[in-house]
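In what follows, a structure is listed as structure tokens, so that the remarks can point back to it.
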DNA sequence: CTCACATGGGTAAGCGCTATCCTAATATCG
DNA sequence: CGATATTAGGATAGCGCTTACCCATGTGAG
């Protein structure tokens with residue numbers, strides 16, 4: 118090798134110009150050879166260009182391409198928390214579908230703060246992404262909400278596409294999740310299994326997803342004339358630790374006769390199970406637990422968690438297809454939320 | 118309201134040029150007002166520009182900025198699987214730190230395929246990211262490996278910075294994880310707890326992380342003169358289901374006298390626990406289980422999983438600081454891998 | 001054998017920005 | 001008070017790429 122390295126000391130990447138010069142062709146021909154342009158280019162030239170590109174470690178500058186072409190190859194994804202399995206699964210779906218379409222995903226986390234969400238949307242918009250997917254959970258009465266809508270409207274007005282996951286946010290397209298109906302079915306199934314005395318752990322007031330799930334659940338119970346006393350509904354954080362704390366609260370309130378607790382998502386349910394166990398009780402036997410989402414862990418806790426299954430990865434993929442307009446027949450059907458009863462809610466002899 | 122919308126029918130985003138015209142100033146002044154340039158600009162002008170920008174829903178085109186400035190605000194992150202809690206936690210750390218630095222993260226998943234990894238690096242390089250973080254696990258003898266190194270070398274030669282997480286990949290900087298030492302400590306701790314008869318579930322042959330953890334573990338056992346018979350070491354996929362399948366294999370081999378099984382990561386350990394339970398045994402009592410990583414779920418399975426704790430989110434953050442060169446004192450210390458003994462490995466009366 | 005017409009290469013005008021240089025106006029000083 | 005610094009806008013030359021456009025060929029029809 119020696120020191121005659123291809124471009125040992127270069128501090129700046131090879132440009133298309135360099136490649137063209139190296140290949141002894143014009144810039145245009147180089148460009149046409151490297152990206153798949155409509156124009157045909159003589160095969161000998163093409164080979165020369167490709168060889169030169171390889172020799173110079175050329176990598177096309179996507180920013181420059183985006184500027185010149187007027188469109189980027191980027192998808193922006195906004196989630197509440199990257200590490201939360203719910204969002205991680207959705208993100209995995211988006212990433213996979215994007216990859217399938219040759220797009221690149223840029224991801225940001227709102228940390229459940231709607232001010233941040235707004236800022237992030239603003240900043241992400243600068244990327245001129247083809248689409249923007251908002252999975253971060255929305256609040257009902259959010260003051261930043263109209264500003265967000267305005268920002269997104271501007272984004273769409275300039276050719277972008279936005280897709281919400283979860284809640285339908287009016288002028289925009291969305292992959293609606295059947296939070297209410299799913300929870301309602303779950304409630305009915307649990308009543309059928311013999312449960313009568315319920316408690317619920319839901320997210321802090323106003324969180325749309327949490328509210329929908331709770332109200333659906335209550336509606337399901339209501340169909341059998343069952344209700345939940347207000348002090349049996351706790352609203353901690355929408356996280357594993359929130360579930361743990363909420364369950365402790367319930368236990369401290371001396372809710373001895375609670376047969377079953379419904380947590381508005383699986384991570385909370387998992388936290389609740391740990392709290393139950395830490396209180397010296399056995400989840401599933403002393404207190405049954407049901408969640409929502411069917412995160413992978415749901416199968417692996419003890420007892421396995423009853424829940425409402427949401428095809429999260431598929432939801433992520435679909436959100437992207439929806440925004441891109443590359444829907445197929447499958448996408449005509451609504452996303453199915455399916456009740457999955459496991460050992461955490463054993464049938465109860467009446 | 119009405120139809121006199123600010124720019125209702127615009128199909129293309131407002132440019133800085135539009136803003137400048139609207140504000141009645143030059144392009145240069147508009148540019149200087151909107152980004153924080155070193156040059157001072159008259160406050161009245163600045164206000165005019167800002168007002169015009171707001172009125173036109175202006176959002177600076179990051180691609181154009183990148184082209185003009187010669188640097189982007191992007192960091193590229195490569196993981197094996199977005200939904201895997203190990204990578205999700207790391208990604209969360211990277212995203213948080215990036216956000217802290219005002220950078221944007223683009224993420225891609227190799228799906229554990231090194232061909233894809235190479236392709237992704239090539240394509241991501243086109244973004245001209247400031248840094249590239251490779252967390253996806255590496256193979257020891259990978260044929261695509263030298264091509265990858267070459268690609269990364271080219272990236273660094275043109276001013277980028279790369280950081281590996283996990284394995285040290287020679288010319289590049291890395292956040293080394295003490296896989297071997299951590300596993301060794303775990304082995305010692307388990308021997309101290311009274312275990313003598315071991316089995317192991319590790320990743321497929323050649324996976325660096327898995328190999329290091331296994332060999333560290335074996336070394337730890339070796340210190341007490343203990344070894345693991347070859348048929349007690351299974352190499353399934355490095356995933357939850359791999360752990361499940363591997364454990365089934367072990368059980369089918371009639372390994373009745375296995376006291377404890379070490380899984381090379383927590384998701385495998387969790388799968389193994391499910392397999393144990395499905396075989397009618399009780400994890401922790403009939404067969405003890407230990408993992409590695411300390412993913413959040415480790416606390417919530419039953420019994421809680423003994424493992425080696427890795428501060429995954431912190432590792433993600435540190436990888437970015439390392440690549441950026443914004444290290445602080447904390448970063449001088451090596452990442453601590455800490456043995457955490459929980460109920461899945463009860464002390465064994467000798 | 002001329003002429004309309006594909007074919008495929010090169011030239012150059014942008015894409016939306018930044019940054020350098022230029023310049024007029026104001027401030028500073030012996 | 002004239003001379004020299006500062007200051008802060010405005011033109012304008014790129015950044016790396018794409019894409020009209022242009023134009024020298026080659027081709028087949030009339």
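Residue numbers (the working numbering), protein chains in the order written: chain Z, 118 to 467; chain R, 118 to 467. Yeah, the Cβ is synthetic: ideal placement off N, Cα and C, and Gly gets one too.
| Check | Outcome |
| --- | --- |
| Let's see if you can read the secondary structure: which residues bound the alpha helix (DSSP H) around residue 210/Z? | 202-217 |
| When you compare the CB positions of residue 460/Z and residue 408/Z, do they come within less than 9 Å of one another, or not? | no |
| Which residues, taken in chain order from the segment 212-226 of chain R, show a beta carbon closer than 9 Å to some beta carbon of chain Z? | 212, 213, 215, 216, 219, 221, 222, 223, 224, 225 and 226 |
| By the three-class DSSP mapping on this structure, what secondary structure does residue 259/R have? | coil |
| Considering Cα atoms alone, identify which of 360/Z, 229/Z and 159/Z is closest to residue 325/Z. | 229/Z |
| Is there contact between the segment 213-228 of chain R and the segment 218-229 of chain Z, where contact requires at least three CB pairs shorter than 8 Å? | yes |
| By the 10 Å Cβ neighbour count, where 16 or more other Cβ atoms means buried, how is residue 296/Z classified, buried or exposed? | buried |
| Since residue 136/R sits in a beta bridge, which residues does DSSP pair it with? | DSSP lists no partner for residue 136/R. |
| Against chain R, does residue 403/Z count as a neighbour if the rule is that its beta carbon must be under 9 Å from one of theirs? | no |
| Using 10 angstroms around the beta-carbon of residue 152/Z, count the other beta-carbons present and answer buried if the total reaches 16, otherwise exposed. | exposed |
| Verify the CB distance criterion: does residue 424/R have a CB-CB separation below 9 Å to chain Z? | no |
| Just to confirm before moving on: does the CB-CB distance between residue 168/Z and residue 131/Z stay below 9 Å? | no |
| Give, in chain order, every residue of the segment 406-439 of chain Z whose Cβ lies closer than 9 Å to some Cβ of chain R. | 413, 414, 416, 417, 418, 419, 420, 421, 429 and 430 |
| Alpha carbon to alpha carbon, how far is residue 260/Z from residue 361/Z? | 30 Å |
| Return the residue from the list 246/Z, 358/Z, 291/Z and 463/Z that minimises the CA-CA distance to residue 188/Z. | 246/Z |
| I think residue 311/R touches residue 464/R, with their Cβ atoms under 8 Å apart; what is that distance to the nearest whole Å? | 6 Å |
| State yes or no: is the C-beta of residue 252/R within less than 9 Å of the C-beta of residue 196/R? | yes |
| With distances taken from CA atoms, which of 336/R, 321/R, 262/R and 186/R is nearest residue 353/R? | 321/R |
| Tell me which same chain residues have a C-beta within less than 6 Å of the C-beta of residue 319/Z, skipping the five on either side of it? | 327, 331, 352 and 381 |
| Check for me: the beta strand (DSSP E) holding residue 457/R runs from which residue to which? | 455-457 |
| Measure the alpha-carbon distance for residue 422/R versus residue 390/R and round it to whole angstroms. | 9 Å |
| Ignore the nearest five residues each way along the sequence and tell me which others in residue 415/R's own chain have a CB closer than 6 Å to its CB. | 383, 422 and 424 |
| Determine the extent of the alpha helix (DSSP H) in which residue 393/R is found, giving its start and end residues. | 383-395 |
| Name the chain R residues whose beta carbon is nearer than 7 Å to that of residue 167/Z? | By Cβ distance, chain R contributes nothing, its closest Cβ being about 14 Å from residue 167/Z, past 7 Å. |
| For the structure I just gave you, are there three or more beta carbon pairs, one from the segment 385-399 of chain Z and one from the segment 430-450 of chain R, closer than 8 Å? | no |
| Which value, in whole angstroms, describes the spacing of the CA atoms of residue 122/R and residue 254/Z? | Residue placement at residue 122/R is poorly supported in this model, since its pLDDT is 42, which falls under 50; the coordinates are not used for a value here. |
| Is the beta carbon of residue 454/R sitting closer than 9 Å to the one on residue 298/R? | yes |
| Are the C-beta atoms of residue 119/Z and some chain R residue less than 9 Å apart? | Low confidence applies here, because residue 119/Z scores a pLDDT of 37, under 50, leaving its location unreliable and the question unanswered by this model. |
| So residue 452/R and residue 432/R are supposed to be a Cβ contact under 8 Å. How far apart are they, rounded? | 6 Å |
| Please decide whether residue 388/Z counts as near chain R, where near means a Cβ-Cβ distance under 9 Å. | yes |
| Specify, as a first and last residue, the run of the alpha helix (DSSP H) that residue 364/R falls within. | 357-369 |
| Between the Cα of residue 419/R and those of 392/Z, 291/Z and 436/Z, spot the shortest distance and give me the residue it belongs to. | 392/Z |
| Can you tell which of 177/R, 141/R, 457/R and 175/R has the C-alpha that lies nearest to the C-alpha of residue 161/R? | 141/R |
| So what's residue 347/Z in DSSP terms, helix, strand or just coil? | helix |
| By the criterion of Cβ-Cβ separation under 7 Å, what are the contact partners of residue 179/Z in chain R? | 243 and 244 |
| Would DSSP call residue 283/R helix, strand or coil? | strand |
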